[in-house]
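For reference, the structure is listed below as structure tokens.
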Amino acid sequence: MKIASFNINGIKARTPALLEWLKEAKPDVVLLQEIKSVDEAFPREIFEELGYNVETHGQKSFNGVAILSKYPLREIERGLPGDKSDEQARWIEATICLPHEIKICCLYLPNGNPLPGPKYDYKLEWMDRLYHRAKELISSEKPSLMAGDFNIIPQAEDAASPKNWVNDALFKLESRSKFRKILNLGFLDAFRACNDGPGHYSFWDYQAGAWNKNDGIRIDHFLLSPNCSDLLTDCKIDSDIRGREKPSDHVPIWIKLNV
DNA sequence: ATGACAATCAGAGATTGA
């Protein structure tokens, strides 16, 4: 089974590019971030015609997450628990039902810039809540994964120019430590389990010719619970997508599970 | 330190992103 994550930077602007990639990559499940659309405006029929079940958690103009799945989705939850006043659409989870169940969580972690400031505080607070949900997932002892745009550069080798990011919310020790704390619960960075070394990126800024200079960062991740990690056979980033017409600034990352 | 680029909403230019 192939599960992908893709920050599409607007479903309205990205539907053609998304369809082209879907038909090539043929993922069974796709986790989308930054749909930048309310639920009613999401073009669900286009994806249903391709055989996907569609669940969205949208918001006007900004944020918004969605799950496309060829398998039925159950136990759908919208919004990261822990703060009822949080109105930003950054989390949707569901259980897919194969012979055995897998809990799939799609997230769009706050950027956090500028720093210091309320946006950075929100990022750190959101990561504290993410830690609590991650702990619950581990405690359940069921196969689970969290994937999406984490807005975290885990290590220096995950940036082409790490010096440019030292004071950025994506690379600040404080936010990276919170990411590491989640890994230390027992979650596996699937990409690093399958790939070594520098030069692997999932985001290139639209500005300053970042793609042409390969000045990228790796900020889109798949974190797998231990019994989900046992099923992992491959993880790759479809970086060539960034060079196409009207691309997102992110590219898809996917895993294969032996189920 | 700033802007470079793109998407959104709105119908110009501000806001957001990373």
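Following the working numbering, the numbering of the first sequence begins with 1 at its first residue and continues without gaps. No residue lacks a Cβ here, since even glycine has one placed at the ideal position from N, Cα and C.
Let me check understanding here. Comparing Cα to Cα, which of the options lies closest to residue i?
i      : options                           : result
Glu93  : Lys119, Arg133 and Gly197         : Arg133
Phe171 : Leu124, Gly148 and Lys135         : Leu124
Phe222 : Leu18, Lys26 and Leu31            : Leu31
Lys23  : Gly186, Ile138, Gly51 and Thr233  : Gly51
Asp234 : Leu107, Lys256, Arg218 and Glu245 : Lys256
Ser202 : Leu109, Asn151, Ser144 and Gly79  : Asn151
Ser85  : Gly243, Ile3, Trp126 and Ala41    : Trp126
Asp128 : Pro110, Ile76 and Gly117          : Pro110
Lys142 : Thr95, Ala66, Ala210 and Asn9     : Thr95
Leu137 : Leu183, Ser175 and Tyr122         : Leu183
Pro114 : Ala169, Asn164 and Asp83          : Ala169
Leu231 : Ala210, Pro81 and Val259          : Val259
Please report the straight-line C-alpha distance between residue i and residue j, rounded to a whole angstrom.
i      : j      : result
Leu224 : Phe191 : 10 Å
Asp28  : Pro226 : 21 Å
Asn195 : Cys105 : 23 Å
Asp60  : Lys119 : In the sequence as displayed, the identity of residue 60 is Lys instead of Asp. Cα to Cα, the separation comes out at about 19 Å.
Glu157 : Leu68  : 31 Å
Lys236 : Gly199 : 13 Å
Met146 : Ala208 : 32 Å
Gly216 : Asp205 : 7 Å
Lys70  : Cys97  : 11 Å
His100 : Trp254 : 20 Å
Glu49  : Leu19  : 11 Å
Asn212 : Glu34  : 24 Å
Pro43  : Gly112 : 29 Å
Pro116 : Asp249 : 25 Å
Ala159 : Asp220 : 12 Å
Phe47  : Phe62  : 21 Å
Ala66  : Val166 : 31 Å
Pro173 : Leu130 : One detail in the question is off: residue 173 reads as Leu in this sequence, not Pro. Distance between the alpha carbons of Leu173 and Leu130 is about 17 Å.
Ile76  : Val54  : 11 Å
I'd like the list of long-range same chain contacts for residue i, defined as Cβ closer than 8 Å, with 5 residues on each side in sequence excluded.
i      : result
Ser140 : Lys103
Lys135 : Leu185
Pro162 : Ile153, Ala156 and Phe171
Phe179 : Met127, Phe150, Ile152 and Pro154
Arg14  : Ile8, Lys246 and Ser248
Less than 8 Å between the CB atoms is what I'm expecting for residue i and residue j, so what's the real figure, rounded?
i      : j      : result
Pro247 : Asp238 : About 11 Å separates the two Cβ atoms, so there is no contact after all.
Leu107 : Gly79  : That belief does not hold up - the Cβ atoms of Leu107 and Gly79 are roughly 11 Å apart, past 8 Å.
Ala4   : Arg244 : Contact flag wrong, Cβ pair sits at about 16 Å.
Please work out which residues of its chain come closer than 6 Å, Cβ to Cβ, to residue i, disregarding the five sequence neighbours upstream and downstream, and give them in chain order.
i      : result
Ser229 : Leu188
Asp39  : Thr56 and Gly58
Closer than 7 Å by C-beta to residue i: which residues in its own chain qualify, once you throw out the five before and the five after it? Chain order, please.
i     : result
Ser37 : Ile11, Lys12, Gly58 and Gly64
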